[in-house]
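Here the sequence shown is numbered in the working numbering, starting from 13 and rising by one per residue.
Note that the Cβ used here is the ideal one computed from N, Cα and C, for glycine as well.
A quick note: this is a predicted structure, and the numbers were derived from the prediction, not measured.
So the structure is just underneath, and the comments pick up after that.
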Amino acid sequence: MSEFEPIVHSSDPVTLVGGGQATRSDLQKALTLAPLCVAADGGAALVLQADVMPAAVIGDFDSISDNVLCQIPEMRRHRIAEQDSTDFEKALTRIAAPLVVGVGFLGGRIDHQLAVLHTLAAFPSRACVLIGESEVVCLAPPEINLPTQAGDVVSLFPLAGVTGRSEGLNWPIEGLKFAPNIQIGTSNQANGPIDIQMDGPSMLLILPRRLLSELVAALCAPDAVQWPVHAE
13 MSEFEPIVHS
23 SDPVTLVGGG
33 QATRSDLQKA
43 LTLAPLCVAA
53 DGGAALVLQA
63 DVMPAAVIGD
73 FDSISDNVLC
83 QIPEMRRHRI
93 AEQDSTDFEK
103 ALTRIAAPLV
113 VGVGFLGGRI
123 DHQLAVLHTL
133 AAFPSRACVL
143 IGESEVVCLA
153 PPEINLPTQA
163 GDVVSLFPLA
173 GVTGRSEGLN
183 WPIEGLKFAP
193 NIQIGTSNQA
203 NGPIDIQMDG
213 PSMLLILPRR
223 LLSELVAALC
233 APDAVQWPVH
243 AE
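This is the structure we're talking about:
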C-alpha cells in the first residue's frame with residue numbers, strides 16, 4: 013500500500029500545508045522546524061500568502077484556484093487525478109523525509125479530520141505531526157520519551173485494538189486493551205517526563221501545542237524508533 017514513487021526527497025523534516033484551518037503564524041512555526049514546504053492542493057493558497065514558494069504542490073487540483081495554480085511553476089505541480097484517496101494521503105505518501113509537519117489538516121470539517129487521522133494509521137512508517145489550534149497530534153511510535161511537565165494533558169486515542177506501557181503518566185496504560193468502542197485513554201496527565209511504548213501502530217498521541225518542538229525533536233532523534241513499512 014505504501015509503494016509510491018516519491019515526488020519530494022529531503023533529509024530534513026518537511027512542512028506539508030493543507031487547505032483547512034491554519035494561519036500564517038502556524039505555517040511560520042512549522043517552517044522553523046521543517047524548512048522545506050510542500051502544499052497539498054488548496055494549501056498552496058496559504059503558502060503563497062505567506063510569500064513562500066512550495067517545492068511541490070500535490071493533489072487532484074479540485075480545490076486550488078486557477079489564480080493560485082498559475083503562480084506555481086509547472087514543474088512543481090504534481091496532479092494525481094484518482095479520487096480514491098485524499099489530498100493529504102496523496103501528498104504524505106509521496107514525501108520521502110524523516111518527518112512531515114502538517115499544517116491546515118485539523119479544525120474545520122470533522123469528516124476531513126477523520127480522513128487525515130485514518131491516513132496516519134494507514135501509513136504508520138510516514139512519521140507525521142499535525143498542528144492544531146491548541147494541540148498537536150501524531151501516531152504514537154513504538155516508543156517515545158517526552159519532557160512533559162506535571163499536569164500536562166496526554167491523550168491517547170486508539171484507531172484499532174492496541175496495547176502498550178507507560179512511565180510518568182498519572183494513569184498507567186499497562187494491562188489495558190485499547191480499542192475505539194472498548195477503552196480509550198483521553199485526558200490522562202503527566203506527572204513529569206513520560207515514556208510511552210506501543211505494541212502496534214494504532215494509537216493517536218495528542219499533546220499540548222507548546223510541546224511541538226519537543227515532539228518533533230523526539231521523532232527525529234538519531235535513536236528514534238519508527239514503524240517499519242511492513243506495518244502498513
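If distances are taken between C-alpha atoms only, which option among the options comes closest to residue i?
i: residue 191; options: 84, 169, 210 and 177; result: 169
i: residue 182; options: 189, 65, 204 and 131; result: 204
i: residue 103; options: 17, 235 and 232; result: 17
i: residue 139; options: 19, 41, 233 and 33; result: 233
i: residue 40; options: 62, 23 and 54; result: 62
i: residue 179; options: 189, 193 and 162; result: 162
i: residue 113; options: 28, 218, 23 and 222; result: 28
Do residue j and residue i count as a contact pair if the criterion is CB distance below 8 Å?
i: residue 108; j: residue 242; result: no
i: residue 117; j: residue 142; result: yes
i: residue 30; j: residue 99; result: yes
i: residue 59; j: residue 51; result: yes
i: residue 88; j: residue 73; result: no
i: residue 56; j: residue 25; result: no
i: residue 159; j: residue 231; result: no
i: residue 34; j: residue 49; result: no
i: residue 119; j: residue 32; result: yes
i: residue 111; j: residue 228; result: yes
i: residue 23; j: residue 54; result: no
Can you list, in chain order, the residues of its chain with a C-beta nearer than 6 Å to that of residue i? Leave out the 5 residues immediately preceding and following it.
i: residue 239; result: 136, 137 and 213
i: residue 13; result: Residue confidence is low: residue 13 scores 44 on pLDDT, short of 50, so the model does not pin down where it sits. No coordinate-derived value is stated.
i: residue 155; result: 209 and 237
i: residue 171; result: 133 and 214
i: residue 177; result: 186 and 209
i: residue 224; result: 148
If you follow the beta strand (DSSP E) that residue i is part of, which residue opens it and which one closes it?
i: residue 73; result: Careful: residue 73 lies outside any beta strand (DSSP E) and carries neither H nor E.
i: residue 26; result: 26-29
i: residue 205; result: 197-210
Spatial neighbours of residue i within its chain, please: CB distance less than 7 Å, with the 5 preceding and 5 following residues excluded, ordered by chain position.
i: residue 38; result: 115 and 143
i: residue 165; result: 199, 201 and 220
i: residue 83; result: 60
i: residue 145; result: 119
i: residue 93; result: 72
i: residue 226; result: 158 and 159
Chain C beta carbons: is any one of them nearer than 8 Å to that of residue i?
i: residue 66; result: Absent here is chain C; the protein component of the structure consists of one chain.
Check for me: the alpha helix (DSSP H) holding residue i runs from which residue to which?
i: residue 36; result: 36-45
i: residue 125; result: 122-134
i: residue 100; result: 99-104
i: residue 81; result: 78-81
i: residue 225; result: 224-232
i: residue 59; result: 56-61
Which whole-angstrom value describes the C-beta separation of residue i and residue j, a residue pair presumed to lie in contact below a C-beta threshold of 8 Å?
i: residue 197; j: residue 167; result: 7 Å
i: residue 216; j: residue 128; result: Not quite, the Cβ-Cβ distance comes to about 11 Å (not below 8 Å), so this is no contact.
i: residue 175; j: residue 207; result: Contact doesn't hold; Cβ gap of about 15 Å is too wide.
i: residue 106; j: residue 185; result: About 34 Å separates the two Cβ atoms, so there is no contact after all.
i: residue 218; j: residue 147; result: 5 Å
i: residue 101; j: residue 131; result: 5 Å
I'd like the list of long-range same chain contacts for residue i, defined as Cβ closer than 8 Å, with 5 residues on each side in sequence excluded.
i: residue 95; result: 72
i: residue 81; result: 56, 69, 73 and 89
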